[in-house]
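Sequential numbering from 1081 applies to the sequence shown in this note's numbering. Everything below concerns the one structure shown next.
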Amino acid sequence: MMKYLIILLGIILLLCSGFVSLKNDRTSAFTDSSDWKLSKEKDGIKVFTRSNNNSGIKEFKALTSIRADISQLVKIINDVENYPGWMVNCESSNTYKRINKTTRIDYLKTDVPWPLDDRDAVFEFKITKDTDEYFEATMNSVPGFIPEKEDIVRIRKAKGKWIFKKSGKKMVDITYQFYGDPEGNIPTAIINLFIVSGPYKTLLNIKTQCNSKD
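The structure is reproduced here in structure tokens:
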């Protein structure tokens, strides 16, 4: 039974790897420091983790280089309805409202096996820089923008970012950074067990998608 519960908790954590959730306030994550520890390196993907001063939950920064154009990667993350094809454990997703050319409200949901409740999240996705050589977008939780649904746990706070930087002909460096809490009374030690696999699998799926289009 304990092994089964650990697996379920892992699924929730992988969800948060895609949802990019934040436990405290919007300024507490992504602090400017260099105390990252390399936790996984495989298939050209590096996942770094570090402790956060505001909780025992670690944050991660995942890096990889991919043969693609920035425009190709931007198209992938702008195609919200197809997130389940590459974002780990995302069951459904859609753009709820488009605010303007650079800002939109996205809704994402995951199906979590019984006895745990499904999770969902609502994000303001904002493009902060978009050129031929550099793209950056941030994601901040806006949980009250859409009414909560029965029997689904709403991820209350969130912050994340994507960075695509041209590094050569048909080569792009990707940065995917995250600090999160999946909500609920989940032991910190269990959360940290799964903090690396989510971003690794997500970036691996993106690489696979881009390679299939070559």
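All residues carry an ideal CB built from backbone N, CA and C; glycine is no exception.
By the C-beta density criterion, residue 1279 is buried, having at least 16 other C-beta atoms within 10 angstroms. Beta-bridge annotation (DSSP): residue 1190 is paired with 1199. Residue pairing by DSSP puts residue 1242 in a beta bridge opposite 1217 and 1256. Inter-residue distance for residue 1268 and residue 1202 is about 23 Å (C-alpha atoms, whole angstroms).
Leaving aside the five residues that flank residue 1232 on each side, the residues in its chain whose CB is nearer than 8 Å to its CB run, in chain order, 1189, 1197, 1198, 1199 and 1200. Nearest to residue 1172 by C-alpha distance, out of 1178, 1179, 1153 and 1163, is 1163. Here residue 1139 is buried: its Cβ has 16 or more other Cβ atoms, across all protein chains shown, within 10 Å.
Shown here, residue 1171 sits in coil according to DSSP, grouped into three states, outside any helix or strand. Contact annotation: residue 1290 and residue 1137 have beta-carbon atoms that are not nearer than 8 Å.
Cβ-Cβ separation between residue 1132 and residue 1259: approximately 6 Å, consistent with a contact (criterion under 8 Å). Under the DSSP assignment, residue 1155 falls outside any beta strand (DSSP E), being part of the alpha helix (DSSP H) whose first and last residues are 1150 to 1158.
The Cβ neighbour count for residue 1153, taken over all protein chains shown within 10 Å, is at least 16; the residue is labelled buried.
Burial state of residue 1275 is buried, judged by a 10 Å Cβ sphere holding 16 or more other Cβ atoms. Per DSSP, residue 1211 lies in no beta strand (DSSP E) and is assigned neither H nor E.
Here residue 1212 is exposed. Its C-beta has fewer than 16 other C-beta atoms within 10 Å. For residue 1123, the number of other beta carbons within 10 angstroms of its own is below 16, and it is reported as exposed.
Cβ contact annotation for residue 1227 (same chain, cutoff 8 Å, sequence separation greater than five): none.
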